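J.:
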Amino acid sequence: MSTQNHYLDLITRFGGKKVAVIGDIMLDRSLFGVTERFSAEAPIPIVDVKSKVEQLGGAANVANNLRALGDTPILFSVVGDDQDGKILSKLVEDEIQGEHFIFRENNRPTTVKMRTFARDRQIARADFESREEVKKEAIEKLLIGLSSLAKDISAIVIEDYNKGLLTASFIKEILKIAKKFELKVLVDPKFDNFFVYEGVTLFKPNIKELSEATSIEISDVAHVEEAASILRKKLKTQYVMVTMGKDGILLMDENERSVTRPAFVRVVNDPAGAGDTVISVMASALMAGISPEDAMVIANYGGGAICERVGIQPITPQDLKDAICRNEKN
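Here you go:
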């Protein structure tokens, strides 16, 4: 079987699994327009907005990707008791559907990322958010929900954006449940809680986070391997997968073997959501029994395909197949 056909065959195995997605969800609001003049108030372009698009972001984007790949995601998160929270909850209801545990918290803004595009190029971003810790009552309800469903799910994906949901104590309780039910745990971290995620299945930092966590200045793949090895041993995780932007992805296993794949992107139009896509594809593939090495290759193609688009969009099995057919030899 050719390499291309091997990966195409693996993609047919995606889907059919239940997965918990725990993390910070956000509303991605995109403004699209044209710039034909500059402001008299400051040396900045004026964007004549022609359209507005509101999409699922953060952990909600991961859940939407998993849905598009054929799995059944269950979201665990918190939004503000505001209009944006209502919009985000409705998007989850309409696009992901199914059962979710999303609680509204008073006096907390829903996280919104507002991007402005002119002629399909992002020129500005504004963030509306709080990083204060979520109230204990919401955490307790989320843990009760997770415990009640743990016997029916195949994995937990944790999306940490440092927005106050994933505290160290909450993470430890999630990992206790995962251990009790022998669940795979995949983590897309932020630096604040890096070393709380001990013993997870897969830990996916980017190259900047890896450098900060290990105090290693990274300038080549050898440095990435050195830092990934240090991090993997410290966390006692099975796999460390490092996203390296234009340099692709590196995967290191518990035997210190590492594999790298170059990035496959024809034109980078908008990298937003690429990291979400990578961990979504990894989760779907691992739940389907695909090896981490093969899963990494497919996830790398998925991340590259998303970078070629504008705006936040979920990846589908057909998108993955198209990317593989463009790049792998038949």
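Numbering (this note's numbering), first residue to last: 3 to 332. Cβ coordinates follow ideal geometry from the N, Cα and C atoms, glycine included. Just so it is clear, the structure is predicted and the values come from calculations on it, not from any experiment.
Any idea which residues DSSP pairs Gly82 with across the strands?
T.: The residue given as residue 82 occupies position 80 in the sequence shown. Answer is Glu107.
J.: Please list the terminal residues of the continuous alpha helix (DSSP H) segment that includes Tyr303.
T.: Residue mapping note: residue 303 aligns to position 301 of the sequence shown, counting from 1. 294-309 is the extent of the alpha helix (DSSP H) around Tyr303.
J.: For Ser213, which residues does DSSP report across the bridge?
T.: If you number the sequence shown from 1, residue 213 lands on position 211. Bridge partners of Ser213: none, in fact.
J.: Hey, is the stretch 73-85 in contact with the stretch 94-113, meaning 3+ C-beta pairs nearer than 8 Å?
T.: yes
J.: To which residues of the same chain is Asp129 closer than 8 Å at the C-beta, ignoring the five residues directly before and after it?
T.: Reading the sequence shown from its first residue, position 127 is the one you call residue 129. Taken in chain order, the residues that qualify are Thr113, Val114, Lys115, Met116.
J.: May I ask you to report which of helix, strand or coil DSSP gives Asn164?
T.: The sequence position of residue 164 within the sequence shown is 162, counting from 1. Correct three-state label for Asn164: coil.
J.: Would Asn195 and Leu168 be called neighbours here (beta carbons separated by less than 8 Å)?
T.: Indexing the sequence shown from 1 puts residue 195 at position 193. Indexing the sequence shown from 1 puts residue 168 at position 166. In contact: Asn195 and Leu168 (Cβ atoms closer than 8 Å).
J.: Which residue's Cα is closest to the Cα of Arg259: Ala230, Ser213, Thr279?
T.: Taking the first residue of the sequence shown as 1, we reach residue 259 at position 257. Scanning Ala230, Ser213, Thr279 for the CA closest to the CA of Arg259 turns up Ala230.
J.: Check for me: the beta strand (DSSP E) holding Met116 runs from which residue to which?
T.: As a working mapping, residue 116 is identified with position 114 in the sequence shown. First-last of the beta strand (DSSP E) with Met116: 114-120.
J.: To the nearest angstrom, how far is the alpha carbon of Leu322 from that of Ser41?
T.: Here the question's residue 322 lines up with position 320 in the sequence shown. Here the question's residue 41 lines up with position 39 in the sequence shown. If you take the alpha carbons of Leu322 and Ser41, they lie about 42 Å apart.
J.: For the stretch 215-252, list the beta strand (DSSP E) runs that are entirely contained and at least 3 residues long, ordered along the chain.
T.: For the stretch 215-252, whole beta strand (DSSP E) runs of length 3 or above, ordered along the chain, are 241-245.
J.: At the level of alpha carbons, what is the spacing between Val202 and Leu237?
T.: Position 200 of the sequence shown, counted from the start, is the residue given in the question as residue 202. Position 235 of the sequence shown, counted from the start, is the residue given in the question as residue 237. For Val202 and Leu237, the distance between alpha carbons rounds to 8 Å.
J.: So for Thr1, helix, strand or coil by DSSP?
T.: Nothing can be reported for residue 1, as the shown portion of the chain is limited to 3 through 332.
J.: Please determine, among Phe119, Leu68, Ile173, the residue with the shortest C-alpha to C-alpha distance to Val94.
T.: Counting from 1 along the sequence shown, the entry for residue 94 is found at position 92. Minimum Cα distance to Val94 is reached at Leu68.
J.: Have a look at Asp50 and Ala126 and give me their C-alpha separation to the nearest angstrom.
T.: To locate residue 50, count along the sequence shown from 1; it is residue 48. To locate residue 126, count along the sequence shown from 1; it is residue 124. Distance between the alpha carbons of Asp50 and Ala126 is about 14 Å.
J.: Compare the C-alpha of Arg263 against each of Ile281, Glu256, Val299, Ser213 and name the closest.
T.: Translated into positions along the sequence shown, residue 263 becomes position 261. Checked all of Ile281, Glu256, Val299, Ser213; the closest Cα to Arg263 is Val299.
J.: Figure out for me which residue from Pro47, Asp30, Ala157 has the closest Cα to the Cα of Glu38.
T.: Here residue 38 refers to the residue found at position 36 when the sequence shown is read from its first residue. Of the listed residues, the one whose Cα sits closest to Glu38 is Pro47.
J.: Quick check: the stretch 29-36 against the stretch 6-21, are at least 3 beta-carbon pairs closer than 8 Å?
T.: no
J.: Give the single residue among Ile232, Ile24, Glu219 whose Cα lies nearest to the Cα of Ser79.
T.: Along the sequence shown, read from residue 1 onward, the residue named residue 79 stands at position 77. Considering only alpha carbons, the answer is Ile24.
J.: Alpha carbon to alpha carbon, how far is Ile209 from Gly277?
T.: Along the sequence shown, one-based indexing puts residue 209 at 207. Along the sequence shown, one-based indexing puts residue 277 at 275. Taking the straight line from one Cα to the other gives about 12 Å.
J.: By Cβ distance below 6 Å, which residues in the same chain neighbour Ala290 in space, the five residues on each side in sequence not counted?
T.: In the sequence shown, counting from the first residue as 1, residue 290 sits at position 288. Cβ neighbours of Ala290 beyond the five flanking positions: Arg15, Phe16.
J.: Among the candidates Met246, Glu175, Ala170, Ser156, whose CA atom is the shortest distance from the CA of Lys143?
T.: In the sequence shown, the residue the question calls residue 143 occupies position 141. Residue Glu175 is the option with its Cα nearest to Lys143.
J.: In angstroms, rounded to a whole number, what distance separates the CA positions of Met120 and Val36?
T.: Here residue 120 refers to the residue found at position 118 when the sequence shown is read from its first residue. Here residue 36 refers to the residue found at position 34 when the sequence shown is read from its first residue. It is worth fixing the name first, because residue 120 is Ala in this sequence and not Met. One C-alpha to the other measures close to 5 Å.
J.: For Thr245, does the count of other Cβ atoms within 10 angstroms reach 16, so buried, or fall short, so exposed?
T.: Numbered from its first residue, the sequence shown carries residue 245 at position 243. Looking at its Cβ environment, which holds 16 or more other Cβ atoms inside 10 Å, Thr245 is buried.
J.: What would DSSP say about Ala140, mapped onto helix, strand or coil?
T.: Mapped onto the sequence shown, residue 140 falls at position 138. Residue state, collapsed to three classes: helix.
J.: Please state the DSSP three-state secondary structure of Gly18.
T.: For the purposes of this step, residue 18 is taken as residue 16 along the sequence shown, with counting starting at 1. It is coil, neither helix nor strand.
J.: Just to confirm the assignment, what range does the alpha helix (DSSP H) spanning Leu175 have?
T.: On the sequence shown, residue 175 is found 173 positions in, with the first residue counted as 1. According to the sequence provided, residue 175 is Glu. The question's Leu does not apply to it. Its alpha helix (DSSP H) spans residues 170-182.
J.: I'd like to check one pair, Val280 with Gly247: are the Cβ atoms closer than 8 Å?
T.: On the sequence shown, position 245 is the one that residue 247 refers to. On the sequence shown, position 278 is the one that residue 280 refers to. No, Cβ-Cβ distance for Gly247 and Val280 is not below 8 Å.
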